[in-house]
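Trainee: 168 is the number that my numbering gives to position 171 of the sequence shown; each next residue is one higher, with no gaps. Glycine included, each C-beta is placed from N, C-alpha and C at the ideal position.
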Amino acid sequence: MKKQLCALALGVGMAVTASMALAAPLVGTFTGSASGLGLDLQGNFQYALTMNSGAAGVQVGDATFTDAHATSGAVLTHQNYSSVALASYTGSAADQSLGQIMQQQVWSTAGATPEVTLTLGNLVAGQTYRVQLLFAESCCSRGFDIYQDGALMVDDFSASALVGINNTVESAVFSNEFIAASNSVFFRFGGTAAAFGDNNPILNAATLESLDVLEAE
-2 MKKQLCALAL
8 GVGMAVTASM
18 ALAAPLVGTF
28 TGSASGLGLD
38 LQGNFQYALT
48 MNSGAAGVQV
58 GDATFTDAHA
68 TSGAVLTHQN
78 YSSVALASYT
88 GSAADQSLGQ
98 IMQQQVWSTA
108 GATPEVTLTL
118 GNLVAGQTYR
128 VQLLFAESCC
138 SRGFDIYQDG
148 ALMVDDFSAS
158 ALVGINNTVE
168 SAVFSNEFIA
178 ASNSVFFRFG
188 GTAAAFGDNN
198 PILNAATLES
208 LDVLEAE
């Protein structure tokens, strides 16, 4: 395991204010990249981020994933990163690519600085977006909270409770549709989940899709 702190400049004048969720956030699982298997990888993706630099440039569906540590407009903070079991999901070529995208995760010690956080910039206030945060558990009975723009989205989120540990055919996903209140959105992972022995937050991958279709003039 290696220590790493990554922060990429978002630009002058960027502010984070509370975005408006359109419905209750969803927590679930996915077993592949195709429609109906738990993920939405079709559409207009402003961000598709992997923690695995070796998977930068890999395309799955309409999403071409980039290195989260080197993507303009994204700010990722964390203490550590580690490899996880290589997933094959259904075994299709697209799902083997998805496994590469999920093969590395970032994490921080619970309560330590820096926490695991992700800020996505270059949004348009008033537009509608869908975020997907992807998790694979390779270690522990782990739980933590997920916050978006300071608001608690999920209390005691646990990939291990959803799919177990070292599951190579199923992983966990948090999804939320929201209206951007400003030109950025901020996610924080942390807090105390007393039911779990490990509260160190993790993150494997993330996508941000624009759901607004501009009308032709």
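For Arg185, which of Ala90, Gly108, Asp92 and Ser50 has the nearest alpha-carbon?
Mentor: Ranking Ala90, Gly108, Asp92 and Ser50 by Cα distance to Arg185 puts Gly108 first.
Trainee: Let me check one thing: in DSSP terms, what residues is Tyr86 bridge-paired to?
Mentor: In the DSSP output, where bridge partners are listed per residue, Tyr86 has none listed.
Trainee: Between Thr106, Gln93, Asp146 and Arg127, which has its C-alpha nearest Ala20's C-alpha?
Mentor: Arg127
Trainee: Considering only heavy atoms of the ligand ZN, does any lie closer than 7 Å to the CB of Ser135?
Mentor: With respect to the ligand ZN, the structure shown offers nothing to examine, as it has no ligands at all.
Trainee: Exposed or buried, Asp271, counting other C-beta atoms within 10 Å across all chains shown (16 or more means buried)?
Mentor: Residue 271 lies beyond the stretch modelled for the chain, which goes from -2 to 214, so this question has no answer here.
Trainee: Could you give the DSSP three-state label for Val103: helix, strand or coil?
Mentor: strand
Trainee: Could you tell me whether the Cβ atoms of Ser181 and Leu117 are closer together than 8 Å?
Mentor: yes
Trainee: Less than 8 Å separating the beta-carbons of Ala190 and Phe141?
Mentor: yes
Trainee: I need the boundaries of the alpha helix (DSSP H) containing Leu159, first residue and last residue.
Mentor: Note, Leu159: alpha helix (DSSP H), Ala156 to Val160.
Trainee: Where does the unbroken beta strand (DSSP E) through Gln129 begin, and where does it stop?
Mentor: Thr125 to Phe132
Trainee: By Cβ distance, which residues of its chain are closer than 8 Å to Met17, with the 5 residues on each side in sequence left out?
Mentor: Phe175, Ile176 and Ala178
Trainee: Between the region 68 to 87 and the region 23 to 43, do three or more beta carbon pairs fall short of 8 Å?
Mentor: yes
Trainee: Per the contact definition of three or more C-beta pairs closer than 8 Å, is the region 95 to 102 in contact with the region 142 to 162?
Mentor: No: the two stretches stay apart, fewer than three of their Cβ pairs being nearer than 8 Å.
Trainee: By Cβ distance below 6 Å, which residues in the same chain neighbour Gln129 in space, the five residues on each side in sequence not counted?
Mentor: Val170, Ser172 and Thr204
Trainee: Is it buried or exposed, Ser50, if we count other Cβ atoms within 10 angstroms and call 16 or more buried?
Mentor: Result: exposed.
Trainee: Taking only runs that begin and end inside the region 1 to 80, name each unbroken beta strand (DSSP E) of 3 or more residues, in chain order.
Mentor: Taking only runs of at least 3 residues, the beta strand (DSSP E) segments lying wholly in the region 1 to 80 are 23 to 27, 41 to 47, 71 to 74 and 77 to 80.
Trainee: Pick from Met48, Gln76 and Val57: whose alpha carbon is nearest that of Val113?
Mentor: Nearest option by C-alpha distance: Gln76.
Trainee: Are the C-beta of Leu23 and some C-beta of chain B separated by less than 8 Å?
Mentor: In summary, chain B is missing from the structure at hand, where a single protein chain is found.
Trainee: How many angstroms separate the CA atom of Phe62 from the CA atom of Ala148?
Mentor: For Phe62 and Ala148, the distance between alpha carbons rounds to 27 Å.
Trainee: Are Ala65 and Leu38 closer than 8 Å when you measure CB to CB?
Mentor: Result no, Cβ atoms of Ala65 and Leu38 do not sit closer than 8 Å.
Trainee: So what does DSSP say about Asp209, is it helix, strand or coil?
Mentor: coil
Trainee: Taking the alpha-carbon positions, what's the Ser157 to Asp209 distance?
Mentor: 34 Å
Trainee: Rounded to the nearest angstrom, what separates Ser135 and Leu115 at their Cα positions?
Mentor: Going from the Cα of Ser135 to the Cα of Leu115 covers about 21 Å.
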